[in-house]
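In UniProt numbering, the protein residues as written are 1 to 156.
Note that the Cβ used here is the ideal one computed from N, Cα and C, for glycine as well.
Since the structure comes first, as structure tokens, the remarks are kept for the end.
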Amino acid sequence: MGRITASRTSLKGDPKHNSMLAGKFINCLMLDGKKTTAQRVFYDALDEIGKRNSDDEPIKIFEDAVENIKPYIEVRSKRVGGASYQVPMQVNRTRQQSLAIRWLLAAIRDKKGRPMHLKLADELLAAYKKEGAAYTKRENTHRMADANKAFAHFAW
């Protein structure tokens with residue numbers, strides 16, 4: 001833990017928008033090294049968002065959706081005197097981004113029966129509007145941290 005991973009140093013922005021966040025998301029979306037398939041799914045989802053919402057740029061909607069999903073506080077288990085406590089702690093910026101991406105991908109992979117790019121477009125638009133499965137996960141995380149704030153003095 002704590003070591004700099006190769007993904008951060010060698011990460012390139014995506015080919016169309018040159019966005020580092022989109023490049024990271026495409027890499028996380030990719031399965032079995034099939035990057036072109038992941039890019040096609042991502043860009044098809046952005047095209048679908050562009051069709052449904054002509055107000056903003058689709059890449060801006062994607063970035064705002066990920067920003068809305070990022071958690072600012074989470075609970076961590078801390079063992080004190082033989083008892084485990086759920087201690088609320090702040091989340092650093094890189095973990096916020098990785099959790100947001102992970103929750104977004106988990107939400108779209110849980111839904112069955114539709115093409116991936118449509119599920120991704122739906123979830124991104126829902127997160128942009130501050131609703132959907134990934135946003136619910138963030139709200140539950142914040143609610144859990146709020147419920148356990150009595151144990152905040154164990155955070156050291």
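Query, Result
"Unbroken alpha helix (DSSP H) runs of length 4 or more, entirely within the UniProt domain \"Small ribosomal subunit protein uS7\" (5-149): which are they?", "6-10, 20-29, 35-52, 58-69, 93-110, 116-128 and 133-147"
"Mind the definition here: the segment 122-130 touches the segment 65-80 only if three or more C-beta pairs lie below 8 Å; say whether that holds.", "yes"
"Our contact map puts Y43 next to K16 with C-beta atoms below 8 Å; I'd like the distance itself, whole angstroms only.", "7 Å"
"Report the CB separation of E123 from A134 in whole angstroms; it is logged as a contact under 8 Å.", "6 Å"
"Quick one: what's got a C-beta closer than 8 Å to M30's C-beta in the same chain, skipping five residues either side?", "T37 and A38"
"Just to check my reading of the structure: Q86 and S77 have Cβ atoms closer than 8 Å, yes? What is that Cβ distance to the nearest angstrom?", "6 Å"
"Do T141 and E74 count as a contact pair if the criterion is CB distance below 8 Å?", "yes"
"Within 10 Å of its beta-carbon, does R138 have 16 or more other beta-carbons around it, so buried, or fewer, so exposed?", "buried"
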